[in-house]
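Novice: Okay, handing you the structure first.
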Amino acid sequence: MIQYDKEYSIFKIDTPHTSYAMGIADDKYLGHVYYGRKLTDMNLGYLMRAEDHPAAPSVLPREKTGFFDCFPMEYPFGGTGDQRESCINIKTEDGQQGLELAYVSHRIYAGKEPLTGLPATWGDNCETLEITLADEVTGIRALLSYTVFTDTDAIAKSVKIVNGGNRNVYLTKVFSSSLDVEREGLEVLTLPGSWARERRLQRRRLGYGSAAAESVRGMSGHQDHPFIALLSEGCTQTEGEVYAVHFVYSGSFLAKVMEDQFGRTRMVMGIHPDSFCWKLAPGAAFQAPEAVLVYSDAGLGKMTRNFHDLYRKHLIRGYWRDKERPVLINNWEATYFDFNTEKLLSIAREASGAGIEMLVMDDGWFGHRESDNSSLGDWYVNEEKLPGGLKYLADEVNKLGMKLGIWVEPEMISEDSELYRKHPDWALRIKGRKPGQCREQYVLDLSRPEVTEYIYGRLKAILESANIEYVKWDMNRPLADVGNAVLPPEQQGEIQHRYMLAVYGMQERLTHDFPGLLLENCASGGGRFDPGMLYYSPQIWCSDDTDAIERLAVQEGTQLLYPLSSIGAHVSDCPNHITGRTVPFETRGIAALSGTFGYELDITKIPEEERKQIPSQISSYKKYNHLVRNGAYYRIASYQENHLYDCYMVVSQDGAEALLTYVQVMAEANQRSRRIRLQGLLEDALYEIEGRTYQGATLMNAGLLLERMKGDYRAKLIYIRRYTSRY
Ligand code: GLA
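In our numbering, the protein residues as written are 2 to 728.
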């Protein structure tokens, strides 16, 4: 529910359990008042300290600058006195910066308007508040939107900037969210990583000054994640307060927190200003991407479940959203580039016998690509490897009762390609410089519509040429040398964002033209695992690191924000190709079962005793996947923290069943069993676990005993069912 109280000049936005409040101070300035547990009161304006403040500009104009530097501005503007991190700044045609945004009007309406060209949360059961602020001097207007859904404790924020003046203005910075939090002893949580080591949890004490997560790579990246959270001191999975913001965007971003001289903390999120400058002609508008906020008063676990709910119900779209996904086998780690139709079909034959439902042909089927040094851009089948082309392969795979999926990397171009020989200027490049290669490839300049049109046309033709039911859309290098010969000098700073809009545009067309297609995004593993991509594809490849033990950490960081149904996870061969570790096949299966599940190995070559386990792994997938997809997630223990074991569970929304995953990473001597306290069950219900019954409250407060297993890297799946007399 969203209310405006005229008497107190207060806006209050309520989700089922939280409130977010803003007020108008000094008849002009929109201040942030409160975000936290639900409030019923509207008398909140005093919290801005401006009500009867002697320094309010109308009372004491000579202290206006000082006022701006301590007022909790809801959408802080730069250059006119607030010396903290601002959300917006501009450059006028006179080359000058600075603006002052004041409240003009607002409207509250049912529903939510889409963000043109951008991914965003959606749904019918929601309400939106739109507040218009304006700068008198330039005519710039900022339209701040806040949407709340009746069934989710999250707030979706976005900002649209309109040039209401009569001269060009350059937006040099436009963030999507700011939140001022007044609380002592805050900690910061971010998700840094690297290739094959994505999204590790990092916590640190804030103190005076700032901390950030950021990317200028033109992709959200392996190294930083577009997420930042403030935690109350000592916050755990079940206790403490969390203020979190996540960005529904896949390009360069800045997420920053800063504690100021008064011990108040500002948390901002938006497009990274370093690589951004957008020309706004008179009357033109710029839509900044959406940021989603979650507040939890019961630790990180509750934050996680709120994000999962929001993304499951209001971000992911399409045919596959709520459906069990086909169990796939991908040939990347099985063959790399060394394959042909016959080899693929021999894998498919063995796989179909074991119950696998889809073959995914990875990189290497087009142009003359035999390694990663050529052919990107030449989206024509290599008939030498695949005689009869995709059609023949698809038909043969279909005859086995399986689906066919393929890999593509549409955003890139190899120097050794027909496309590059014809259009060298289609690669992003700075005037006068030869662009640098990464994985021996350049990035296509998708900010140019003719490039996007061409690539999308090829993609569509390929998908229409055969019965292809799944696409893995890869992106294997960051943007660099960002420039082109088409846009005028004053618009070169638009290229990165225009690139992102073009990627979104292509994926939107793809999902529209092929509504039944299962799309999985990927970027050298999990380099673009973000809410933006999730809007187009219900699943994203989590990491190139398929080692089940390493995966525990990568998946923990990913599960912190993303529903398990979206996390691409496969069983691969051992010794693992990246770490060299050997983990029992059963454990590899259990680790992959908490994601989309599939195989990435040569099934014709693995040991017989491993191959024999595949049918029972698939039957576990069929048995438990509804819980993995829809259940509420509880993190019980973290291997990243304790270095011994990992444990998490999913509980059906009605509390009637649950699945516990337990991985004993290190065997410990002289330990018979470990006591694990479960979460999320019904206190009074009786549950049956492996033939014994327990009360929910006992399992949650006193715990369950898990027997020690012999050896490292052992795992166990435990099914928990509400006990009724029928059983
Ligand atoms: C990336 C992906 C891998 C694989 C290769 C193919 O690294 O993450 O899964 O598809 O590209 O080149």
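Glycine included, each C-beta is placed from N, C-alpha and C at the ideal position.
Straight-line CA distance for A592 to Q540?
Specialist: As a first step, residue 592 must be located in the sequence shown, where it is residue number 591. As a first step, residue 540 must be located in the sequence shown, where it is residue number 539. Those two C-alpha atoms are separated by around 17 Å.
Novice: Below 8 Å, is the gap between the Cβ of C648 and the nearest heavy atom of the ligand GLA?
Specialist: In the sequence shown, the residue the question calls residue 648 occupies position 647. No, Cβ of C648 sits at least 8 Å from all heavy atoms of the ligand GLA.
Novice: Can you check DSSP and say which residues form a bridge with E658?
Specialist: Start at 1 with the first residue of the sequence shown, and residue 658 comes out as number 657. Its beta-bridge partners are R722.
Novice: Check whether the Cβ atoms of A428 and Y443 sit closer than 9 Å, and answer yes or no.
Specialist: The residue labelled residue 428 in the question sits at position 427 within the sequence shown. The residue labelled residue 443 in the question sits at position 442 within the sequence shown. The answer is yes: Cβ separation under 9 Å.
Novice: Could you compute how far the alpha carbon of Y728 sits from the alpha carbon of L705?
Specialist: Within the sequence shown, the letter at position 727 stands for residue 728. Within the sequence shown, the letter at position 704 stands for residue 705. Confidence in Y728 is poor, its pLDDT being 44 and thus under 50, which makes the residue's placement unreliable; the coordinate value appears in the next sentence. Going by the C-alpha atoms only, they are around 21 Å apart.
Novice: Give the C-beta separation of R265 and E183 to the nearest angstrom, bearing in mind that I take them to be a contact with Cβ-Cβ under 8 Å.
Specialist: Here residue 265 corresponds to residue number 264 of the sequence shown, with the count starting at 1. Here residue 183 corresponds to residue number 182 of the sequence shown, with the count starting at 1. So it is a contact: roughly 5 Å between Cβ atoms.
Novice: Can you look up W321 in the DSSP assignment and give me helix, strand or coil?
Specialist: Within the sequence shown, the letter at position 320 stands for residue 321. Note: W321 maps to coil in three-state DSSP.
Novice: Could you confirm whether any beta carbon from chain D is found closer than 9 Å to the beta carbon of L294?
Specialist: Judged by its chain identifiers, the structure shown contains no chain D, having just a single protein chain.
Novice: How long is the line joining the alpha carbons of L401 and K113, rounded to whole angstroms?
Specialist: For the purposes of this step, residue 401 is identified with residue 400 of the sequence shown, where counting begins at 1. For the purposes of this step, residue 113 is identified with residue 112 of the sequence shown, where counting begins at 1. Whole-angstrom Cα-Cα distance: 45 Å.
Novice: Starting from Y455, trace the alpha helix (DSSP H) in both directions and tell me its first and last residue.
Specialist: Counted from its first residue, the sequence shown places residue 455 at position 454. From DSSP, the alpha helix (DSSP H) with Y455 extends over 450-466.
Novice: How many angstroms separate the CA atom of Y634 from the CA atom of Q680?
Specialist: Along the sequence shown, read from residue 1 onward, the residue named residue 634 stands at position 633. Along the sequence shown, read from residue 1 onward, the residue named residue 680 stands at position 679. The alpha-carbon atoms of Y634 and Q680 are separated by roughly 9 Å.
Novice: Whole angstroms is fine: what's the gap from S106's alpha carbon to K7's?
Specialist: For this step, residue 106 is matched to residue 105 along the sequence shown. For this step, residue 7 is matched to residue 6 along the sequence shown. Taking C-alpha positions only, S106 is separated from K7 by approximately 12 Å.
Novice: Closer than 7 Å by C-beta to D310: which residues in its own chain qualify, once you throw out the five before and the five after it? Chain order, please.
Specialist: In the sequence shown, the residue the question calls residue 310 occupies position 309. By the criterion of a C-beta distance shorter than 7 Å, D310 is surrounded in its chain by T153, once the five residues flanking it on both sides are discounted.
Novice: Classify P290: buried if its beta carbon has 16 or more other beta carbons within 10 angstroms, exposed otherwise.
Specialist: The residue labelled residue 290 in the question sits at position 289 within the sequence shown. Flag for P290 reads buried.
Novice: When DSSP labels each residue in this structure, what does G32 get in the three-state scheme?
Specialist: By 1-based counting over the sequence shown, the position of residue 32 is 31. G32 falls in the strand class under three-state DSSP.
Novice: Can I330 and L294 be called in contact, C-beta distance under 9 Å?
Specialist: The residue given as residue 330 occupies position 329 in the sequence shown. The residue given as residue 294 occupies position 293 in the sequence shown. It is not a contact, given that the beta carbons lie outside the stated cut-off.
Novice: Using a Cβ-Cβ cut-off of 7 Å (strictly less than) and excluding sequence neighbours within five positions of S253, which residues of its own chain qualify?
Specialist: As a first step, residue 253 must be located in the sequence shown, where it is residue number 252. Same-chain partners within the cutoff: S216, V217, R218, G219, I272, H273, S276, Q497.
Novice: Any heavy atom of the ligand GLA closer than 8 Å to the beta-carbon of S525?
Specialist: Translated into positions along the sequence shown, residue 525 becomes position 524. Yes, the Cβ of S525 comes within 8 Å of a heavy atom of the ligand GLA.
Novice: Would you say the beta carbon of D363 comes nearer than 8 Å to a heavy atom of the ligand GLA?
Specialist: Taking the sequence shown and counting its residues from 1, one reaches residue 363 at position 362. Yes, the Cβ of D363 comes within 8 Å of a heavy atom of the ligand GLA.
Novice: Nearest CA to the CA of M362: which residue from S415, K65, E343, I579?
Specialist: If you number the sequence shown from 1, residue 362 lands on position 361. Ranking S415, K65, E343, I579 by Cα distance to M362 puts E343 first.
Novice: Using the Cα positions of P388 and P327, report the straight-line distance between them to the nearest angstrom.
Specialist: Position 387 of the sequence shown, counted from the first residue, corresponds to residue 388. Position 326 of the sequence shown, counted from the first residue, corresponds to residue 327. Between P388 and P327, the C-alpha separation is close to 26 Å.
Novice: Give a single yes or no on whether N671 has its beta carbon closer than 8 Å to a heavy atom of the ligand GLA.
Specialist: If you number the sequence shown from 1, residue 671 lands on position 670. N671: no, Cβ never under 8 Å from the ligand GLA.
Novice: According to DSSP, what are the bridge partners of E188?
Specialist: Counting from one through the sequence shown, the residue named residue 188 turns up at place 187. Residue pairing by DSSP places E188 opposite R206, L232 in a beta bridge.
Novice: Below 6 Å CB to CB, which residues in the same chain sit around S573 once its five sequence neighbours on both sides are set aside?
Specialist: If you number the sequence shown from 1, residue 573 lands on position 572. Sequence-distant partners of S573 (beyond 5 residues in either direction) whose C-beta falls short of 6 Å from its own C-beta, in its chain, are E334, T547, E601, L602.
Novice: Between G300, L202, R582, which has its C-alpha nearest L192's C-alpha?
Specialist: What you label residue 192 is simply residue 191 of the sequence shown in a count that begins at 1. For the residues G300, L202, R582, the minimum Cα distance to L192 belongs to L202.
Novice: What do you reckon, are the CB atoms on L45 and Y35 nearer than 9 Å?
Specialist: Taking the sequence shown and counting its residues from 1, the one referred to as residue 45 is at position 44. Taking the sequence shown and counting its residues from 1, the one referred to as residue 35 is at position 34. Yes, these two residues count as a Cβ contact at 9 Å.
Novice: Since P411 contacts M507 with CB under 8 Å, what's their CB separation in whole angstroms?
Specialist: Indexing the sequence shown from 1 puts residue 411 at position 410. Indexing the sequence shown from 1 puts residue 507 at position 506. Indeed they touch by this definition, with Cβ atoms about 7 Å apart.
Novice: Label D647 either buried or exposed according to how many other C-beta atoms from any shown protein chain fall within 10 Å of its C-beta, with 16 as the threshold for buried.
Specialist: For the purposes of this step, residue 647 is taken as residue 646 along the sequence shown, with counting starting at 1. So D647 counts as buried.
Novice: Can you tell me whether L628 is helix, strand or coil according to DSSP?
Specialist: Taking the sequence shown and counting its residues from 1, the one referred to as residue 628 is at position 627. The answer is helix: DSSP assigns L628 an H, G or I state.
Novice: Any contact of the stretch 608-624 with the stretch 349-358, i.e. 3+ C-beta pairs under 8 Å?
Specialist: yes
Novice: By Cβ distance below 6 Å, which residues in the same chain neighbour G632 in space, the five residues on each side in sequence not counted?
Specialist: Here residue 632 is taken as the residue at index 631 of the sequence shown, counted from 1. Around G632: V651, V652, S653.
Novice: Confirm the yes/no value for this check: CB of W123, any heavy atom of the ligand GLA, distance under 8 Å.
Specialist: In the sequence shown, residue 123 corresponds to position 122, counting from 1. Result no, Cβ not under 8 Å from the ligand GLA.
Novice: Could you check where the alpha helix (DSSP H) with E397 kicks off and where it finishes?
Specialist: Looking up residue 397 in the sequence shown gives position 396. Run containing E397: 390-400, per the alpha helix (DSSP H) assignment.
Novice: Please classify V560: does DSSP put it in a helix, a strand, or coil?
Specialist: On the sequence shown, position 559 is the one that residue 560 refers to. Note that residue 560 is Gln in the sequence shown, not Val. Q560: helix per DSSP, three-state reduction.
Novice: Only counting runs of 4 or more residues, tell me where the alpha helix (DSSP H) segments fall wholly within the stretch 31-110, in order along the chain.
Specialist: 65-69
Novice: Apart from the five residues on each side of it in sequence, which residues of its chain come closer than 6 Å, Cβ to Cβ, to L502?
Specialist: Taking the first residue of the sequence shown as position 1, residue 502 is located at position 501. Once the five neighbours on either side are set aside, the close Cβ partners of L502 are G118.
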